[in-house]
Structures are given as structure tokens and as C-alpha cells.
Amino acid sequence: MLKYLKSLFSPISISFMVFIFILAPILAKAQSSSVPSPATCVGEVPPYLAPANLAMMAYQGYFEKQGIPGYQVFEEQYRFGKITSAKIVQAAIQGCLLSDKYGVASDPDYVQDLTTQVRILIEENR
Numbered sequence: 303m304l305k306y307l308k309s310l311f312s313p314i315s316i317s318f319m320v321f322i323f324i325l326a327p328i329l330a331k332a333q334s335s336s337v338p339s340p341a342t343c344v345g346e347v348p349p350y351l352a353p354a355n356l357a358m359m360a361y362q363g364y365f366e367k368q369g370i371p372g373y374q375v376f377e378e379q380y381r382f383g384k385i386t387s388a389k390i391v392q393a394a395i396q397g398c399l400l401s402d403k404y405g406v407a408s409d410p411d412y413v414q415d416l417t418t419q420v421r422i423l424i425e426e427n428r
């Protein structure tokens, strides 16, 4: 019986129990987020979308399901700050049209390029 108890509490089994009961739930929670996983997207999500294309898609209403309206309402909400370039990027990621695999959502240059493209698009459509 003593051998059984010693083997039950060996360093390997204790490490395994710590992992199963403490670390596994923490890791599982850290991996879940509001951004869709590749499993929820149909087909492969492109890792890059040119800011000009993303601006045009947002303007045309491609992200209505994500709460970004198109055309005139888009222009108004963009001017008043209800729609931002960062929100457009997030909507594209949530809509499975852009992947954040390489951190495009946190790339300030990408977001700034998108801002520039949206402003140009709005000016051209006046």
C-alpha cells in the first residue's frame, strides 16, 4: 500500500495534476476571445487586405452584420467618430475577411493607412 501511495504522489504525477487542475483551465480561457477562430470561418481567411480595398468594403456596407453601416450613414458616423479605422479592422476580422494572424489589428501603420484611404474615399464621394 505504501508503494502505491508513493507512486501516486511521484513528482511526475504531481506535475500532471497541477497542470490538469490549475494550468489547463487558465490556458483554455486565455485562448478564447471574441475574434473568430479559423474553425468558425468558412475557407481560409486572408492574412492581408490592402487598406484601400478594406476602406471600399466598409463604405459599401460589407460590415453591416458587425455594426458598421454603409454609404451615407457610414460617412456620417465616421465623421462623428462612431466608426473608426480600428473598428473597421476588427469588423473585417470578425467577418472573416481579414486575419489577425500577423497582428494587423495592432499595427499602427496599417490602421493609419486605412484612415487615409477612408478619408480619400469620403472626399471623392462628396
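In our numbering, the protein residues as written are 303 to 428.
Don't be surprised by glycine CBs; every beta carbon is placed ideally from N, CA and C.
Next on the checklist: Does Val337 come out as helix, strand or coil in the three-state DSSP assignment?
Outcome noted: For the purposes of this step, residue 337 is taken as residue 35 along the sequence shown, with counting starting at 1. Model confidence at Val337 stands at a pLDDT of 49, short of 50, so the residue's coordinates are unreliable; what they give is reported in the following sentence. Three-state DSSP puts Val337 in coil, outside helix and strand.
Next on the checklist: Going by DSSP, what residue range makes up the alpha helix (DSSP H) through Asn355?
Outcome noted: The residue labelled residue 355 in the question sits at position 53 within the sequence shown. First-last of the alpha helix (DSSP H) with Asn355: Pro353 to Tyr361.
Checklist entry - Rounded to a whole number of angstroms, what is the C-alpha to C-alpha distance between Pro349 and Arg428? => result Numbered from its first residue, the sequence shown carries residue 349 at position 47. Numbered from its first residue, the sequence shown carries residue 428 at position 126. If you take the alpha carbons of Pro349 and Arg428, they lie about 32 Å apart.
Checklist entry - Roughly how many whole angstroms lie between the Cα atoms of Ala354 and Gln414? => result Within the sequence shown, residue 354 is the residue found at index 52, counting from 1. Within the sequence shown, residue 414 is the residue found at index 112, counting from 1. Each residue's Cα considered, the two are about 11 Å apart.
Checklist entry - According to the neighbour-count rule (16 or more other Cβ atoms, all chains shown, within 10 Å of its Cβ), is Leu416 buried or exposed? => result Walking along the sequence shown from the start, residue 416 turns up at place 114. Buried: at least 16 other Cβ atoms inside 10 Å.
Next on the checklist: Taking only three categories from DSSP, how would you classify Ser387?
Outcome noted: Here residue 387 refers to the residue found at position 85 when the sequence shown is read from its first residue. Ser387: helix per DSSP, three-state reduction.
Checklist entry - Under 8 Å between the Cβ atoms of Val344 and Ser401? => result Here the question's residue 344 lines up with position 42 in the sequence shown. Here the question's residue 401 lines up with position 99 in the sequence shown. No, these two residues do not count as a Cβ contact at 8 Å.
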